[in-house]
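**Student:** Count along the sequence shown from 1, then add 2; that gives the number in my numbering.
Quick reminder that beta carbons are idealized off the backbone N, C-alpha and C, glycines included.
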Amino acid sequence: MARSAFGWGFSAIAVLMMGSITACNNTATTEPGSGENASQAPTSLTLVSYAVTRDAFGKIIPKFTEEWKTKTGQDVTFEQSYGGSGSQTRAVVDGLEADVVALALSSDVQKIESAGLIQPGWEEEAPNGSIVTNSVIAFVTRASDNVKVEKWSDLAKPEVKVITANPKTSGGARWNFLGLWGSVTKTGGTEEQAFDFASKVLANAPVLPKDARESTDVFYKQGQGNVLLNYENEVLLAKQKGEEQPYIIPQDFNVSISGPVAVVDTNVDKKGTREVADAFVQYLFTPEAQQIFAETGFRPVNQEVLTKFASQYPQVENLATIEEFGGWEKAQVEFFNEGGIFDQIITKIGKQ
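#1: Pull up the distance between the alpha-carbon of Gln42 and that of Lys272, whole angstroms please.
#2: Using a 10 Å radius around the Cβ and a threshold of 16 neighbouring Cβ atoms, would you call Ala30 buried or exposed?
#3: Identify which residue in Glu68, Val111, Thr135, Arg92 has its Cα closest to the Cα of Leu286.
#4: Excluding the five sequence neighbours on either side, which residues of its own chain have a C-beta within less than 7 Å of the C-beta of Asn228, listed in chain order?
#5: Tell me the DSSP secondary structure of Leu230 in three-state form.
#6: Quick check on Gln346: does DSSP put it in helix, strand or coil?
#7: Any idea what DSSP makes of Ser6, helix, strand or coil?
#8: With DSSP as the reference, label Pro208 as helix, strand or coil.
#9: Identify which residue in Thr91, Thr48, Glu152 has its Cα closest to the Cα of Val78.
#10: Thinking C-alpha only, which one of Ala281, Trp330, Ile324, Ile347 is nearest Lys65?
#11: Can you find the residues in the same chain that come closer than 6 Å, C-beta to C-beta, to Phe337, ignoring five residues on each side of it along the sequence?
#12: Compare the beta carbon distance of Val50 and Gln82 with 9 Å and say whether it is the shorter of the two.
#13: Ala322 by DSSP, collapsed to three states: which one?
#14: Helix, strand or coil for Leu47, going by three-state DSSP, please let me know.
#15: Answer with yes or no whether the minimum CB distance from Lys153 to chain D is below 9 Å.
#16: Pull up the DSSP beta-bridge partners for Pro262, would you.
#17: In this structure, how does DSSP classify Ala40 when only helix, strand and coil are distinguished?
#18: Since I believe Trp330 is in contact with Ser109 (beta carbons under 8 Å), could you give me their beta-carbon distance rounded to a whole number of angstroms?
#19: Among the residues of its own chain, which have a CB less than 6 Å from the CB of Thr189, if the five just before and after it don't count?
#20: According to the neighbour-count rule (16 or more other Cβ atoms, all chains shown, within 10 Å of its Cβ), is Ala213 buried or exposed?
#21: Kindly indicate which three-state DSSP category Ile120 falls into: helix, strand or coil?
#22: Compute the Euclidean distance between the alpha carbons of Ile250 and Pro122, then round it to the nearest angstrom.
#23: Please return the same chain residues whose Cβ sits closer than 7 Å to the Cβ of Lys202, not counting the five positions on each side in sequence.
#24: So what does DSSP say about Asn256, is it helix, strand or coil?
#25: What's the gap between the Cα of Val151 and the Cα of Asp101?
#26: Rounding to the nearest angstrom, what Cα-Cα distance links Met3 and Val270 in this structure?
#27: Can you give me the C-alpha to C-alpha distance between Thr218 and Pro44, rounded to a whole angstrom?
#28: Rounding to the nearest angstrom, what Cα-Cα distance links Gly261 and Glu306 in this structure?
#29: With H, G and I counted as helix, E and B as strand and the rest as coil, what does DSSP make of Ala140?
#30: Going by CA-CA distance only, name the one from Ser132, Gln224, Val138, Val266 that's closest to Glu99.
#31: Grab me the residues of Pro211's own chain with a C-beta within less than 6 Å of its C-beta, minus the 5 sequence neighbours each way, in chain order.
#32: Under DSSP, the beta strand (DSSP E) around Tyr315 begins and ends at which residues?
#33: Could you tell me the alpha carbon to alpha carbon distance between Asn235 and Ser89, rounded to whole angstroms?
#34: Grab me the residues of Lys113's own chain with a C-beta within less than 7 Å of its C-beta, minus the 5 sequence neighbours each way, in chain order.
#35: Check the C-beta distance from Leu107 over to Asn178 and give it rounded, since I have them as a contact under 8 Å.
Encoded structure:
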């Protein structure tokens, strides 16, 4: 079924309770009958996303539902599910009827495409190749510790205990692992040296949490580790909530963390929600939504909004993209599939 830019639909939504799902019953304050098509029955969308986007979408969704109500006269509510990107992907493939997915990796969206739920060419259905946010890797330390890290190689010091999530379940952790690897191979080192470096860092990691949000809780609330590898946006969000800790954005090397968004074609066609789902995805690229992403710690893809927040997001000179690792299709197989480099390291250091 061809994608369209705007409209509405009605369906009863059946959501399999996989992951953490919360209802967001947002409606506009416009008077009944004031929209162009005020007779339209209410509808509902299910958004499935990775853990660290919860705060941003919690602010974006009410603005979208208000705008949608004004333009169409239709009330739309949202069911929201958040968790590790890998876990969320599996949930959708296994039957969680997402209308829209916003995940940490393009490869996760591609897995849903491979399962026959998303049509090929989804990258061209929204601006910026359907990448809705960017971020980079931050090193977080503790003011009470004497541990100093300024560059990637410092993470291999014996006294450094790194907290990073498990790349088997967390998209953010896959970016972190590529940061470890690329800090060697993209700065003149060999793959053998990269393997040794990543092994030393992970061997000293006290725990591998399931996702980026849990990593933050392990570090801040449980007090484990002395260096947290996390999204820059998580650090900024924690700061907004009063959990301020010293951090740096490593400049010797970093990775551009790109977050994709897509409509789940099979589900929206079955449920009759394509028009509102398409409209929601397009709304995420508006200056209004992009500003909310920026305010909640994400680097916006809208250049005007990024310029407005330039002081909050320092430019990184040596910034690699996933294409420099051969794209996610190659990187997933090489590093994170069964028997890949990550598994080889875990076997070597004796961790499960």
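**Tutor:** From the atom records:
#1: In a straight line, the C-alpha of Gln42 is about 18 Å away from that of Lys272.
#2: With a pLDDT of only 37 at Ala30, under 50, the local geometry of the prediction cannot be trusted, and the value read off the model is given with reservation. In the assembly as shown, Ala30 is a buried residue. Its beta-carbon has 16 or more other beta-carbons within 10 Å.
#3: Among Glu68, Val111, Thr135, Arg92, the Cα nearest to that of Leu286 is on Thr135.
#4: Apart from the 5 residues on each side of it in sequence, Asn228 sits with its Cβ closer than 7 Å to the Cβ of Thr143, Arg144, Asp147, Val149, Val162, Lys163 in its chain, given in chain order.
#5: In the structure shown, Leu230 sits in a strand (DSSP, three-state: E or B).
#6: If DSSP states are grouped into helix, strand and coil, Gln346 belongs with the helices.
#7: Only weak support is given to the placement of Ser6: the predicted model assigns it a pLDDT of 39, under 50, and the question is left unresolved by the model.
#8: Looking at Pro208 - three-state DSSP - the assignment turns out to be coil, as it is neither helix nor strand.
#9: Among Thr91, Thr48, Glu152, the Cα nearest to that of Val78 is on Thr48.
#10: Closest option to Lys65, Cα to Cα, is Ala281.
#11: Closer than 6 Å at Cβ, skipping near neighbours: Ile343, Phe344.
#12: In this structure, Val50 places its C-beta atom within 9 Å of the C-beta atom of Gln82.
#13: In the structure shown, the three-state DSSP call for Ala322 is strand.
#14: Residue state, collapsed to three classes: strand.
#15: Although the question refers to chain D, the structure presented lacks it and comprises just one protein chain.
#16: Partner(s): Ile133.
#17: Low local confidence applies: a pLDDT of 43 at Ala40 is under 50, so the model's placement there is unreliable, and no value is given.
#18: Contact flag correct, Cβ pair sits at about 3 Å.
#19: Cβ neighbours of Thr189 beyond the five flanking positions: Phe255.
#20: At residue 213 the sequence reads Asp, which differs from the Ala that was named. Classified as buried, Asp213 has 16 or more neighbouring CB atoms from the shown chains inside 10 Å of its CB.
#21: Three-state DSSP puts Ile120 in coil, outside helix and strand.
#22: Put simply, the backbone Cα of Ile250 is about 39 Å away from that of Pro122.
#23: Once the five neighbours on either side are set aside, the close Cβ partners of Lys202 are Ala158.
#24: In the structure shown, Asn256 sits in a strand (DSSP, three-state: E or B).
#25: Taking the CA atoms as reference points, Val151 sits about 42 Å from Asp101.
#26: Because the pLDDT at Met3 is just 44, under 50, the model does not fix this residue reliably, and the value given afterwards should be weighed accordingly. If I take the Cα positions, the gap works out to 10 Å.
#27: The straight-line gap from Cα to Cα measures roughly 37 Å.
#28: Counting only the Cα atoms, Glu306 lies some 19 Å from Gly261.
#29: Ala140 falls in the strand class under three-state DSSP.
#30: It is Val266 whose Cα lies nearest to the Cα of Glu99.
#31: Excluding the 5 residues flanking it on each side, Pro211 has same chain C-beta neighbours closer than 6 Å at Ala167, Ser217, Val220, in chain order.
#32: From DSSP, Tyr315 is part of no beta strand (DSSP E); its letter is neither H nor E.
#33: Going by the C-alpha atoms only, they are around 21 Å apart.
#34: The beta carbon of Lys113 lies closer than 7 Å to those of Thr91, Val95 in the same chain, with the five residues before and after it left out.
#35: Beta-carbon to beta-carbon, Leu107 and Asn178 are separated by about 12 Å, too far to satisfy the 8 Å threshold.
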